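This report refers to the structure that appears directly beneath it.
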Amino acid sequence: MTSHKGIEIDAALAGLVRHMHSIEGYREVLAGLRIGWDTLTLLGQLSSGAAEMSKTREAFERLTGDLLNQLGIETRKKAFAALRTKAQNGIDVLTRNLFERTADIGFLAADTEVREFLEAAEEDANRTALEARFREYVAKYSVYSDIVLMDKASRIRARLRPHNAEETRHPLVNEALTTSAAYVEYFGEADFLAAGNHLLYAFRVASRSGRPLGALALVFRLDDEMDGVFSKLIPADDWTVLACVGSDSRVIASSCPIQLPVGFALPPAICRANGELARFGGRQYLAVACRSVGYQGYMGPGWTGLALAPIEHAFNEDAGAAATLDAELLGDILRHSKLFPDALRAVPQQAAQIQRNLSRSVWNGSVRLAETTEANADFSKALLWETSSAGARTQAIFDQAIADLQQTVIAALLQNVRARAAFAIDVMDRNLYERANDCRWWALDATFRRALADPARERSAASAEVLSTINGLYTVYTNLLLFDATGKITAVSQPSETHHVGRIIDAGWASRTLALHSTQDYVVSDFEPSDLYGGGATYIYAAAVQHPAKAQRVGGIAIVFDSTPQFSAMLEEALPRNEAGAPLPGSVALFVDRAGEVIASTDARYPIGSTAELGVDFSQLRSGESVSRIATLDGQHCAIGAVMSGGYREYKLSDGYVCDVVSVCVVPLSVAAQAKASRSVSLASRTNATRPRGVGVETIEVATFHARGHWLGVPARDVIEAVDATGVTAAGQTGSGPLVGYKLHRQAPIPVLDLAHAIGVSQQRHDEDEPQIVIVKTNDGPLGLLVDSLGDIPHIAPSEIAPLAWKNDVPATGVVRSQQRGGAETGLLLMLDVNRLCGEATARPVDLQAAE
């Protein structure tokens, strides 16, 4: 712990808390109230309440530290979680993207036309045609800025973009020619590219016999890609700076080149930051660095995702959807959810306990002064009033601060579920973007075009071999199949699927494929069951195959996406997790369509094809739009985040394909409490001190309390005091009577009755009730009445007490009808006769509710 302006705070908040504007605001307000408490304590020396006020002041001071410390911890957690999510999502999305590149280079390096170009006796005879083919490739795989083909002598034989270099001395060529790995990944400068660092994927081009012919390099559009990643992760009003940092601590890509320029060498400690303060460039930042979790064994180039928030904006307040939630709901969730630490749940309980003790102290003080003849009685009553008012003002500040604390905690969780849902749908869009590219590019393969253009020549074996090679590189497919202009399947990639060869595809997507005109067009099936996927539901992507020499469609290629494990893996990775990396208990992630029909789910309760009722109207979400809220599902309060598919690059944005999918993350918070019965209205204030009537009006003071929603009272002169409800020893015999047990009071045991039971009220006690024992004077000695909470002590004129108009066996002397106090109705006040109550306690309970 450390000290901040007289308040003990967690050491992790040192240097941070002064930037948390709401906390500083509460600290200043509470410091002002403390001066008032000091004054009241001093004045209390002139009456009998000094000790009680001193205890209350000390209790509020202790809770001030606890409250502000907990609010600071949760504020830091929220900011840290937001930064960590952005840094982690950014580096993981990039890693998944680059994983696809490792497959691309292997397939393109094995392209028939690339190989035949290097094998041609006449050098560069078909360079124009090959470079046109490169343009076709990049028209589909728009993540590449250049494609460069080099022979074994390192001469540049063809490329996508013009450049003066005719040869290269870069070691990349030799490494690509000799590597035993499936690809070469390189980041840095290259003499055959423009100045600056580039990310390249290279591999050798080999003859059919495996003899190296040259090397092919794909140049990834890293800056363009990172700009897209950053723009999705950083809203317009967000001050976060995101970066990708190399193993040498130099910035590779940045969302803000002014604050974090590319090439800037960061202090190594920042690249390991986990929510600490970082200082560079004359500015302080809250920093979080994340390494990629990898994808299917691929860990990426070894880079780090970095998120920075300028310290003066790191804790900007944004409660989001939590700001609209009912305070009672927030409190209920915080009290009962196991997701939150005990220290957090204890804060509102401690505040309630302090206020309860203060209310009881003021209530007892008012009771003592009810019949006093002391000379300073008026002063003491005025002091009690001011103490009560000070307690109300202090409690109001604490209530607001606790509400802010609850909002901060829930807002962080809602922010998390929405961010995880956004990650899942972004990964899905990026993944399926590749599927749209794959089918269109593979439709241009020379082997397929020749085989379908000349069916008289037996080329199905060669087609099957190419399909099998592709499927080996792209494991996200269960099968690839080639079909002719009649829809008949001529070749498949999987030997286990050869039984499909020769059958006619009668699905609508096949006929639509054969009607395509452009090499940029593709078709996607609905997400529906297919016998090509073993009867399971999936997407099938398809593109038309053109004649090699004519503008004529000769068939098509279809790729069967392995949706079940692929979507499951995306959703599993998207599940919200705790600090140990484990999914939050009961959390669920789903892909659904606009109607809520399940495409994939991590929970067996939501099987594919079922309709998920999740409390969100997905039909109202626009492309890329998100929503988060608290909803009640299956009897539980749940945090729900949902994000509509927004597409990626051309996919779903400008290529004509429309398929709305919603990603949803759900985290159960607590069991939803049953609706509570309304409580009777008490006098306006819960602080228990009321001003007397005007001079000359004869009144009695009535000590009031509540029992199961009923407002009850006795003359204050008949009350000894109220005490807490702890330490009651159970009665020797148990039964259905109202006797609860015995309470030791002033060294003597007194019987304690459950007042609600004694007067025949059967409702259950409310969770928010504050059980107290009111000790009253009876002819048989002191008697304890167990009540739910204390009420006010109003001055009531005897003329206001009406005689009972019902059963004579009710242990009461009269009733005070509804009145107006402070603009609100007080409700019905039943005046009890404690002597009759004591005698009636063991008799048959009366039906008070029926009597009313």
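If you count the sequence shown from 1, position 413 lands on 404 in our numbering, and the numbers rise without skipping. Note that beta-carbon positions come from the ideal geometry of N, C-alpha and C, so glycine has one too. Since the structure is predicted, the reported quantities are computational estimates derived from the model, not experimental observations.
query, result
"For Arg684, collect the residues of the same chain with a Cβ closer than 6 Å to its Cβ; drop the 5 residues on either side in sequence, then sort them by chain order.", "Unreliable placement is indicated for Arg684, whose pLDDT of 49 sits below 50; no coordinate value is reported for it."
"Reducing DSSP to helix, strand and coil, say where His12 ends up.", "helix"
"Could you have a look at Ser592 and say whether DSSP puts it in helix, strand or coil?", "strand"
"Relative to the C-alpha of Phe439, which residue among Tyr424, Asp420, Arg426 and Ser459 is closest?", "Ser459"
"Give the secondary structure of Lys131 by DSSP, where H, G and I count as helix, E and B as strand, and everything else as coil.", "helix"
"Please confirm whether Ser502 and Ala482 have their CB atoms less than 8 Å apart.", "no"
"Below 8 Å between beta carbons: does that hold for Val164 and Ser145?", "yes"
"Going by C-alpha distance, which of Ser509, Ser283 and Val545 is nearest Ala437?", "Val545"
"Measure the CB-CB distance between Ala173 and Gly97 and report whether it falls below 8 Å.", "yes"
"Please state whether the Cβ-Cβ distance between Arg585 and Asp651 is less than 8 Å.", "yes"
"Are the CB atoms of Arg263 and Leu196 within a distance shorter than 8 Å?", "Residue identity differs from the one stated: residue 196 is Val in this sequence, not Leu. No, these two residues do not count as a Cβ contact at 8 Å."
"Put Pro789 into one of helix, strand or coil per three-state DSSP.", "helix"
"Excluding the 5 residues preceding and the 5 following Leu140 in the sequence, name in chain order all residues of the same chain whose CB lies nearer than 6 Å to its CB.", "Arg148, Ala149 and Leu207"
"Would you identify the three-state DSSP class for Asp214, choosing helix, strand or coil?", "helix"
"Could you compute how far the alpha carbon of Ile784 sits from the alpha carbon of Leu375?", "12 Å"
"Can you have a look at Leu823 and say buried or exposed, based on whether 16 or more other CB atoms are within 10 angstroms of its CB?", "buried"
"Using 8 Å for Cβ pairs, my map puts Tyr639 next to Tyr648. What's the rounded Cβ distance?", "11 Å between Cβ atoms; not a contact."
"Please report how far the alpha carbon of Met534 lies from the alpha carbon of Ala549, in whole angstroms.", "Checking the displayed sequence, the identity of residue 534 turns out to be Ala instead of Met. Between Ala534 and Ala549, the C-alpha separation is close to 7 Å."
"To the nearest angstrom, how far is the alpha carbon of Gly273 from that of Thr103?", "56 Å"
"Quick one: Cα of His508 to Cα of Pro539, how far?", "14 Å"
"Determine the burial state of Asp429: buried for a count of at least 16 other Cβ atoms within 10 Å of its Cβ, exposed for fewer.", "buried"
"Over the uninterrupted beta strand (DSSP E) stretch that includes His341, give me the two end residues.", "What sits at residue 341 in the sequence shown is Gln, not His. Gln341 -> not in any beta strand (DSSP E); alpha helix (DSSP H) instead, spanning Asp333 to Leu360."
"Considering Met822, what are the terminal residues of the beta strand (DSSP E) in which it resides?", "Leu820 to Leu823"
"Alpha carbons only, please: which of Ala747, Asp715 and Ala793 is nearest the one belonging to Gln763?", "Asp715"
"Where does Leu795 sit, in a helix, a strand or coil, going by DSSP?", "coil"
"Would the region 348 to 355 and the region 54 to 63 be scored as touching if the rule is three or more Cβ pairs under 8 Å?", "no"
"Once DSSP output is grouped into helix, strand and coil, what is the label at Cys281?", "strand"
"Ordered along the chain, which non-local residues of its own chain (more than five positions away) have a Cβ less than 7 Å from that of Thr(-7)?", "Ile0, Ala2 and Ala5"
"With 16 other CB atoms within 10 Å as the buried threshold, where does Thr720 fall?", "exposed"
"So, is Gly296 buried or exposed, given that buried needs 16 or more other C-beta atoms within 10 angstroms?", "buried"
"Mapping the DSSP letters down to three states, classify Asp142 as helix, strand or coil.", "strand"
"What span of residues does the beta strand (DSSP E) with Ile764 cover, start to end?", "Gln763 to Thr769"
"Give the DSSP bridge partners of Gln275, in chain order.", "Arg270"
"Could you tell me which of Ile766, Gly818 and Ile138 sits nearest to Val733, measuring between CA atoms?", "Sequence check: residue 733 is Tyr here, not Val. Residue Ile766 is the option with its Cα nearest to Tyr733."
"What residue range does the alpha helix (DSSP H) around Gly322 cover?", "Ala318 to His327"
"Look up Val607 in the DSSP assignment and give the residues it is bridged to.", "According to DSSP, Val607 bridges with nothing at all."
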